[in-house]
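Quick note on numbering that gives the first Met the number 0: the sequence shown kicks off at 0 and runs consecutively.
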Amino acid sequence: MSMFKLIYNLHKKTNMTFPYYTFGYYNFPETFLRSKKLEKLRRKFYFGYLIKQLNKLGIDKNKFYLFYQQSLINCQDIIKNILEVQSKVPRSRYGGYPNPEVFYIIIRALKPEIVIETGVSFGVTSSFILQAMEDNNLGQLYSIDLPFEFARKKEVGMIVPKRLKHRWELILGDSKVELPKLLREVNDIDVFFHDSLHTYEHMMFEFKTAWRKLIKGGLLIADNIDLNNAFIDFCKEVKASWIDLVNVGFCLKK
Ligand SMILES: C[S@@+](CC[C@H](N)C(=O)[O-])C[C@H]1O[C@@H](n2cnc3c(N)ncnc32)[C@H](O)[C@@H]1O
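Following this line, the structure appears as structure tokens:
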């Protein structure tokens with residue numbers, strides 16, 4: 000049975016509101032802090048799906064579970080910070096973020112030296128990427144955010160613990176201006192992650208700009224690929240294969 004069918008059936012049976020991303024998205028970290036039953040289902044169905052997809056990036060089951068467990072142990076202060084922010088800030092202001100443990104797992108497995116992300120907000124994914132780099136003892140993260148949508152200027156990245164900031168450069172501004180500027184200053188990049196403005200035009204702009212500096216074997220990641228066809232069109236244009244982890248797209252540069 001597919002994960003989506005399972006969630007739909009659960010919803011029908013229990014009358015609980017299960018968005019289709021129940022096992023991976025917005026309910027992190029509440030899911031496994033508050034509900035053992037949901038965490039069990041998450042492991043059984045969502046993880047099965049993740050493992051199958053991540054295998055295509057060369058990440059096997061053993062690595063998946065090892066890094067997943069390490070993310071829970073090593074990101075405890077980050078999870079605490081997330082809960083603290085979420086208890087103070089209204090839901091409408093902290094927006095959405097993709098499953099952060101997946102980012103931890105991928106960074107641990109691929110061991111990138113340079114990662115660029117656009118769209119930081121309070122810094123959930125930034126924190127998990129930075130923790131993975133810290134555990135690899137390798138890597139530098141550059142993050143670009145134009146604070147207008149969710150977090151305010153002073154709040155951008157406030158989840159990121161001080162102890163991880165030595166690997167981090169945060170740039171406040173429009174990625175349309177800041178991304179080309181940054182790419183001129185850094186060496187070739189290993190991973191690019193888009194999570195800023197999800198319009199077709201803006202996504203295409205970021206993908207095309209970052210792709211030129213992405214190394215062979217590098218990874219272009221985008222959140223919310225379901226909102227328009229930019230990601231799929233881009234992958235077709237550059238003739239690259241991709242995987243879809245429930246609306247987070249991963250495109251491998253060969
Ligand atoms: C969905 S949130 C990012 C969530 C983040 N990845 C996390 O883990 O919490 C999108 C962020 O992108 C920012 N943003 C929107 N348009 C932007 C642009 N043109 N350039 C840079 N950042 C932008 C928003 O202000 C917001 O902070």
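Every residue gets a Cβ at the ideal spot worked out from N, C-alpha and C, and that includes glycine. Computed from a prediction, not measured in an experiment: that's the story for all the values here.
Cβ-heavy atom distance, residue i to ligand 1, below 7 angstroms
{"i": "residue 57", "result": "no"}
{"i": "residue 143", "result": "yes"}
{"i": "residue 96", "result": "yes"}
{"i": "residue 153", "result": "no"}
Helix, strand or coil at residue i according to DSSP, with G and I counted as helix
{"i": "residue 24", "result": "Interpretation of residue 24 is limited by its pLDDT of 43, a score under 50 that renders its predicted location unreliable; no figure is taken from the coordinates."}
{"i": "residue 168", "result": "strand"}
{"i": "residue 141", "result": "strand"}
{"i": "residue 204", "result": "helix"}
{"i": "residue 117", "result": "strand"}
{"i": "residue 221", "result": "strand"}
{"i": "residue 190", "result": "strand"}
{"i": "residue 214", "result": "strand"}
{"i": "residue 74", "result": "coil"}
{"i": "residue 242", "result": "strand"}
Residue of the options minimising C-alpha distance to residue i
{"i": "residue 82", "options": "121, 109, 50, 56", "result": "121"}
{"i": "residue 160", "options": "53, 44, 246, 75", "result": "75"}
{"i": "residue 176", "options": "94, 153, 201", "result": "201"}
{"i": "residue 214", "options": "205, 188, 224, 206", "result": "188"}
{"i": "residue 277", "options": "151, 49, 241", "result": "Lying outside 0 to 253, the shown extent of the chain, residue 277 is not represented and no answer is given."}
{"i": "residue 253", "options": "114, 247, 243, 237", "result": "237"}
{"i": "residue 180", "options": "97, 125, 153, 212", "result": "212"}
Rounded distance between the beta-carbons of residue j and residue i, thought under 8 angstroms
{"i": "residue 171", "j": "residue 208", "result": "About 18 angstroms; that fails the 8 angstroms criterion."}
{"i": "residue 174", "j": "residue 145", "result": "7 angstroms"}
{"i": "residue 195", "j": "residue 127", "result": "With 8 angstroms as the limit, residue 195 and residue 127 do not qualify as a contact, their Cβ atoms being about 18 angstroms apart."}
{"i": "residue 140", "j": "residue 162", "result": "At roughly 14 angstroms, the Cβ-Cβ gap does not stay under 8 angstroms, so residue 140 and residue 162 are not in contact."}
{"i": "residue 63", "j": "residue 50", "result": "5 angstroms"}
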